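Sequential numbering from 0 applies to the sequence shown in numbering that gives the first Met the number 0. Every residue, glycine too, gets a C-beta built ideally from N, C-alpha and C. As the structure is a computational prediction, the values presented were derived from the model and not from experiment. Step one of this worksheet: look at the structure below.
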Amino acid sequence: MRHFLLPGSIAFNGKTILLISLIIAGLMLRTAAQQPPAAYPKITGYVGILHPLVTYAKEQVPHYNFDGGYVVGMPTGINIWKSAKIGFSMEFVPTIRATNGTDKMSNFLFHPGALFGLGKGFTLATRAAFETSGRYGFTPVLNKIVKKGQHCGYFVALPVPVRFGNELPASVTIGFQFGITF
């Protein structure tokens, strides 16, 4: 059996060197596979597309998007997570309305609120709402990360805006949102 001498007169045979090499390689792979715990506070950003689907208001028939026009919003925001369970968010949503061959920015929404991490990729956002149209209210949003990459994640969300003011009846809208977070 062949032996190798290392400084200090320690002798190793080929099997011992192979075993030590495998142990070191295994430790290196295990260390590389472990992800460090997330450091808090953590700041994330996101951008998405919002489609209001249907709006209900007192003593009015439901109004559906695509029924006489099309409305789309582009929510953009910053989240500041204090921990995996709670955070703060600021969202800004310009809204575009297309009707009868013309389109225009019809509203701008400032949307601050609290975030609650529910686990398994779910988040509940509870937002206050202040619109340039003169409406105000609140919006609960249930959000789910559907695919998480190394540098970004893709999400879907169900916002339910409740609005008051501007001499209009109170309304509730059900929407669908998707986007990317980074």
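- For Asn64, there is no enclosing beta strand (DSSP E), as DSSP marks it with neither H nor E.
- Taking a C-beta distance under 7 Å as the contact criterion, Gly178 and Phe154 qualify as a contact pair.
- The alpha-carbon of Met73 is positioned some 10 Å away from that of Leu108.
- For the pair Thr125 and Pro139, the CB atoms are nearer than the 7 Å cut-off.
- Residue pairing by DSSP puts Phe129 in a beta bridge opposite Phe109, Tyr135.
- For Tyr69, the uninterrupted beta strand (DSSP E) segment begins and ends at 69-72.
- Residues of the same chain with a CB within less than 6 Å of the CB of Lys84, apart from the 5 flanking positions on each side, are Gly116 in chain order.
- Exclusion of the five residues before and after Asn64 leaves His50, Pro51, Leu52, Val53, Val70 as the residues of its chain whose Cβ lies within less than 8 Å of its Cβ.
- According to the DSSP assignment, Phe154 belongs to the beta strand (DSSP E) that extends over 152-158.
- One alpha carbon belongs to Ser105, the other to Phe91, and they sit about 14 Å apart.
- For the set Thr75, Thr180, Gln59, Gly86, the Cα lying nearest the Cα of Pro40 is the one of Gly86.
- By alpha-carbon distance to Thr172, the top candidate from Ser132, Gly68, Phe137, Pro36 is Phe137.
- The beta carbon of Val145 sits closer than 7 Å to those of Tyr153, Phe154, Val155, all from its chain and outside the five residues before and after it, given in chain order.
- For the options Ile95, Gly118, Thr94, Gly100, the alpha carbon positioned closest to that of Ser82 is the one of Gly118.
- Exclusion of the five residues before and after Lys57 leaves Pro168, Ala169 as the residues of its chain whose Cβ lies within less than 7 Å of its Cβ.
- Excluding sequence positions up to five before and after Thr43, its CB lies within less than 6 Å of the CB of Asn78, Thr180, all in the same chain and listed in chain order.
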